[in-house]
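All remarks here apply to the structure that follows.
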Amino acid sequence: MLRMGVDLGGTKIELVALNEDGKELFRKRIPTPREYEATLAAIESLVVETETTLGMTGTVGVGIPGVISPFSGLVKNANSTWINGHPLDVDLGNRLNREVRVANDANCFAVSEAVDGAAAGKGMVFGVIIGTGCGAGLAINGKVHGGSNGIGGEWGHNPLPWMTADEFNSTHCFCGNQDCIETFISGTGFVRDYKAAGGDAPSGIEIAQRMAQGEPLATAAFNRYIDRLARALAHVINVLDPDVIVLGGGVSNIDAIYPLLPDVLPKYVLGGECRTPVVQNMYGGSSGVRGAAWLW
């Protein structure tokens, strides 16, 4: 069985083809046209090229930076704005003469890590992508749990829990609300906090490196970051109690997170106990496209 996964991003479209055991057979990346019909044509050409090269036909799953509304059947919330308001799965299916499954890219990340990644074999997996923004997805028994509104996993747009006085009403989110988790624990939020305290760094990775070198300002910023991340994830644990939490995105590459976070989580988890594993992803930037293939 051939499974094709497509990662539709704002700047690139990537396709990967897997066999039934998850072995990669083909991969290609092309620039994303910033127009709807051209995007459809680009994905169609990638699928045709893949099947011609391999001499096989297969299923197609697509990960997008948004969701398909379960009510209208149209894409919404995508930062690749030219696909919003269109029935992407239907239009691609018509071009390819088969059903096409479409899911949020963070949900694809969670599925990838649940099927054969860092959380392989676990029943409930919460996958978090922390980069410029902050997204998350939920996989149950290796399948996407999108929810009845199609927004399962959008925990980054809830308020940061247990805010201190200086945190309250301190940030503004692109979604229109204040003090969203994303504005504190994204890489952008980490850098913002460090700069507000008098530092200057281009990324969370750089702040972590300065902490390792003993800089007090970076150490204080990182400690605040870990506490905020623990508060945010404690809410997830208190509601869902997942078997494992997998971190992805650029911030997930900060090694110091993994030994420190487990010591802080019990402070906020009900009952004062928490052994939920928080682990780094296995497939890195390939997790989303692999997860799209595993939608079948």
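Positions 13 to 308 (my numbering) are the ones given, in order, by the sequence shown. Glycine included, every Cβ here is placed at the ideal spot set by N, Cα and C.
Since residue i contacts residue j with CB under 8 Å, what's their CB separation in whole angstroms?
{"i": "G105", "j": "G17", "result": "16 Å between Cβ atoms; not a contact."}
{"i": "F180", "j": "Y237", "result": "Between Y237 and F180 the Cβ distance is about 18 Å, and since that is not below 8 Å, they are no contact."}
{"i": "T205", "j": "A230", "result": "With the sequence shown as reference, residue 205 is identified as Asp, and Thr is not the correct amino acid for it. D205 to A230, Cβ: 11 Å. No contact."}
{"i": "S198", "j": "G143", "result": "7 Å"}
{"i": "A130", "j": "V276", "result": "Not quite, the Cβ-Cβ distance comes to about 21 Å (not below 8 Å), so this is no contact."}
{"i": "G147", "j": "A118", "result": "4 Å"}
{"i": "L108", "j": "E56", "result": "6 Å"}
{"i": "G22", "j": "G303", "result": "Actually they are not in contact, since the Cβ atoms of G22 and G303 sit about 18 Å apart, beyond 8 Å."}
{"i": "I217", "j": "I266", "result": "6 Å"}
{"i": "Y295", "j": "S124", "result": "6 Å"}
For residue i, report the span of its alpha helix (DSSP H) as first-last.
{"i": "A304", "result": "S299 to A305"}
{"i": "R236", "result": "P228 to V251"}
{"i": "C120", "result": "D117 to D128"}
{"i": "Q221", "result": "G216 to A224"}
{"i": "V203", "result": "G199 to A208"}
{"i": "T62", "result": "Y48 to L66"}
{"i": "L86", "result": "Per DSSP, L86 belongs to no alpha helix (DSSP H) and is neither H nor E."}
{"i": "I269", "result": "I269 to V276"}
I'd like to confirm the pairing. Which residues does DSSP put opposite residue i in its beta bridges?
{"i": "A29", "result": "M16 and F38"}
{"i": "R113", "result": "G73"}
{"i": "L150", "result": "F138"}
{"i": "K4", "result": "Examination of residue 4 is not possible in this model, given that the chain is present from 13 through 308 alone."}
{"i": "K279", "result": "Paired residue(s): none; K279 is not in a bridge."}
{"i": "V263", "result": "V263 is not bridged to any residue."}
{"i": "P173", "result": "BP columns for P173 are empty, so no partner."}
{"i": "H184", "result": "Q190"}
Sorted by chain position, which residues of the same chain lie with C-beta nearer than 6 Å to residue i's C-beta, five sequence neighbours on each side aside?
{"i": "E111", "result": "G105"}
{"i": "G34", "result": "D128"}
{"i": "R41", "result": "K24 and E26"}
{"i": "C187", "result": "H169"}
{"i": "T71", "result": "R15 and W308"}
{"i": "V301", "result": "G17, D19, E26 and V28"}
{"i": "R39", "result": "V28"}
{"i": "R113", "result": "G73 and L307"}
{"i": "E285", "result": "P278"}
Kindly indicate the opening and closing residues of the beta strand (DSSP E) around residue i.
{"i": "G105", "result": "G105 -> not in any beta strand (DSSP E); alpha helix (DSSP H) instead, spanning L100 to L108."}
{"i": "F138", "result": "M136 to I142"}
{"i": "L259", "result": "V256 to G260"}
{"i": "Q292", "result": "V290 to Q292"}
Among the residues of its own chain, which have a CB less than 7 Å from the CB of residue i, if the five just before and after it don't count?
{"i": "Q190", "result": "N181, T183 and H184"}
{"i": "D103", "result": "L52"}
{"i": "Y48", "result": "W94, I95 and H98"}
{"i": "R46", "result": "W94"}
{"i": "T65", "result": "F38"}
{"i": "K88", "result": "G78, V79, S81 and N96"}
{"i": "S264", "result": "I142, Q292 and N293"}
{"i": "S299", "result": "F121, S124, E125, G129, G260 and N293"}
By Cβ distance, which residues of its chain are closer than 8 Å to residue i, with the 5 residues on each side in sequence left out?
{"i": "A268", "result": "A220, M223, A224 and F234"}
{"i": "S215", "result": "G199, V203 and G262"}
{"i": "K207", "result": "A213"}
{"i": "A242", "result": "L273, V276, L277, K279 and Y280"}
Any C-beta of chain B sitting closer than 8 Å to the C-beta of residue i?
{"i": "D191", "result": "Of the protein chains in this structure there is only one, and it is not chain B."}
Q: Would you be able to state if there are at least three C-beta pairs under 8 Å between the region 72 to 88 and the region 133 to 141?
A: Touching, no.
Q. Can you find at least 3 beta carbon pairs, one from the region 173 to 191 and one from the region 147 to 160, that sit closer than 8 Å?
A. The way I'd put it, the region 173 to 191 doesn't touch the region 147 to 160; fewer than three beta-carbon pairs between them come closer than 8 Å.
Q. Looking at C-beta atoms only, is the number of pairs between the region 215 to 227 and the region 247 to 255 that lie closer than 8 Å three or more?
A. With the cut-off at 8 Å, the region 215 to 227 and the region 247 to 255 do not touch.
Q) Given 8 Å as the limit, is there contact between the region 158 to 169 and the region 272 to 283, that is, 3 or more CB pairs closer than that? A) Look at the beta carbons and you see the region 158 to 169 not touching the region 272 to 283: under three pairs across the two are nearer than 8 Å.
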